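Asks:
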Amino acid sequence: MKINDHLLVDDFVTQHPTPNRGGKLEPKYLVFHFTAGRSCQSSVDWLSNPKAKASAHLVVGRDGKIVQLAPFNVVAWHAGKSSWNGLVGMNNYSIGIEMDNAGKLTKVGSKYRTWFQGEIPENEVVQAKHKHESDMGFWQAYTDIQIERAEELAILLVDTYHLKDILGHEDIAPKRKNDPGPAFPFAHIHTRAFGTQDHDDDVYKVTIDGLNIRKGPGVEFEAVAAALSLGTEVTLLETRGRWSKVDVNAPNDIEGWVNNKFIIGKA
Ligand SMILES: [Zn+2]
1 MKINDHLLVD DFVTQHPTPN RGGKLEPKYL VFHFTAGRSC QSSVDWLSNP
51 KAKASAHLVV GRDGKIVQLA PFNVVAWHAG KSSWNGLVGM NNYSIGIEMD
101 NAGKLTKVGS KYRTWFQGEI PENEVVQAKH KHESDMGFWQ AYTDIQIERA
151 EELAILLVDT YHLKDILGHE DIAPKRKNDP GPAFPFAHIH TRAFGTQDHD
201 DDVYKVTIDG LNIRKGPGVE FEAVAAALSL GTEVTLLETR GRWSKVDVNA
251 PNDIEGWVNN KFIIGKA
């Protein structure tokens with residue numbers, strides 16, 4: 001992936017200019033969203049419809065395909081009423097990326113329903129607590145390729161535009177918004193884009209039961225200890241590609257490499 005004249009270039013990227021755009025943008029932040037939509041195409045159509053009065057710079061499909069609606073140096077209308085760090089109206093300060101994802105789900109019997117009366121298969125459902133809420137909820141998972149793209153985009157955009165931070169719509173409009181939600185691996189993407197921070201709060205939690213911890217960054221390396229159980233707390237030491245070197249907090253004599261898809265930042 002690369003950027004030419006504020007446009008993303010790669011085989012899996014298409015340009016679909018939206019009329020829903022403002023003036024010149026000098027981005028300082030990157031803001032992630034979920035579409036809460038039916039499909040990537042339906043979201044692209046809506047965000048290109050003048051009636052929507054909404055848009056974003058990119059929409060990332062569940063298959064990893066990316067549609068660009070506005071160049072990164074032009075204001076897109078993704079943030080609405082919002083503020084961060086003394087700035088008000090974050091459309092004027094940020095690049096907006098929409099991830100195709102249905103958002104929060106309602107469990108009806110054994111089915112998981114979207115707000116638009118769609119249904120999500122159980123293997124795409126994660127149960128998690130949103131940081132603005134007190135109870136656990138059900139959310140559609142992001143696909144692996146979507147998370148990979150989000151990660152690549154974050155690294156590329158932070159580097160190209162010297163962005164100060166990566167935020168969620170839920171951070172800049174906390175009273176109105178819950179996207180991209182708890183299924184989005186923020187801590188991981190933040191670490192990839194800005195590097196590991198050198199302080200004590202780089203604590204992550206294991207998100208599956210039986211996570212292998214290995215001598216090196218790859219499945220070819222042998223295990224250094226028994227597999228880690230769900231909820232084990234680890235401190236992130238180093239990230240290399242899809243692998244992270246971690247220190248297991250208890251017992252604290254274990255250090256090794258885990259697939260970073262299965263650890264999530266402790267919010
Ligand atoms: Zn949003």
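According to our numbering, the sequence shown is numbered sequentially starting from 1. Glycine included, each C-beta is placed from N, C-alpha and C at the ideal position. Since the structure is predicted, the reported quantities are computational estimates derived from the model, not experimental observations.
1) How would you label Glu-136, buried or exposed, when you count the other beta carbons within 10 angstroms and need 16 or more for buried?
2) Should Asp-45 be labelled buried (16 or more other beta-carbon atoms within 10 Å of its own) or exposed?
3) Do the stretch 153-170 and the stretch 16-32 meet, that is, are 3 or more Cβ pairs less than 8 Å apart?
4) What number of angstroms, rounded off, separates the C-alpha of Asn-92 from the C-alpha of Val-75?
5) Taking only three categories from DSSP, how would you classify Glu-105?
6) How about Lys-177: is its Cβ closer than 8 Å to a heavy atom in ligand 1?
7) Name the residue from Thr-191, His-169, Val-126 whose alpha carbon lies nearest to the alpha carbon of Phe-34.
8) By Cβ distance, which residues of its chain are closer than 6 Å to Lys-107, with the 5 residues on each side in sequence left out?
9) Who are the Cβ neighbours of Asn-260 in its own chain at under 8 Å, not counting the five residues just before and after it?
10) Going by DSSP, what residue range makes up the beta strand (DSSP E) through Ile-66?
11) Quick check on this structure: which residue in Ser-55, Gly-37, Leu-87, Gly-22 has the alpha carbon closest to the alpha carbon of His-16?
12) Name the residue from Val-59, Lys-215, Ser-83 whose alpha carbon lies nearest to the alpha carbon of Lys-177.
13) Have a look at the DSSP bridge pairing and note the partners of Glu-233.
14) Restricting to Cα atoms, I'd like to know which of Gly-86, His-132, Gly-103, Leu-153 is closest to Ile-97.
15) Ser-94 bridges to which residues according to DSSP?
16) Beta-carbon separation of Tyr-142 and Pro-174 under 9 Å?
17) The beta strand (DSSP E) that contains Phe-186, what's its start and end?
18) Is it buried or exposed, Gln-127, if we count other Cβ atoms within 10 angstroms and call 16 or more buried?
19) Note down the Cα distance separating Pro-19 from Gly-256, rounded to an integer number of angstroms.
20) CA-CA distance, Ala-193 and Glu-151?
Replies: A quick look at the data gives this:
1) In the sequence on display, residue 136 carries Met and not Glu. If you draw a 10 Å sphere on the C-beta of Met-136, you find fewer than 16 other C-beta atoms in it, and that means exposed.
2) exposed
3) yes
4) 6 Å
5) The residue you asked about is not Glu; residue 105 is Leu in the sequence shown. Strand at Leu-105.
6) yes
7) His-169
8) Phe-138
9) Closer than 8 Å at Cβ, skipping near neighbours: His-188, Thr-239, Arg-242, Trp-243, Ser-244.
10) 66-68 is the extent of the beta strand (DSSP E) around Ile-66.
11) Ser-55
12) Nearest C-alpha to Lys-177 among Val-59, Lys-215, Ser-83: Ser-83.
13) Bridge partners of Glu-233: Lys-205.
14) Leu-153
15) Tyr-29
16) no
17) No beta strand (DSSP E) contains Phe-186, which is instead part of the alpha helix (DSSP H) from 186-194.
18) exposed
19) 50 Å
20) Each residue's Cα considered, the two are about 7 Å apart.
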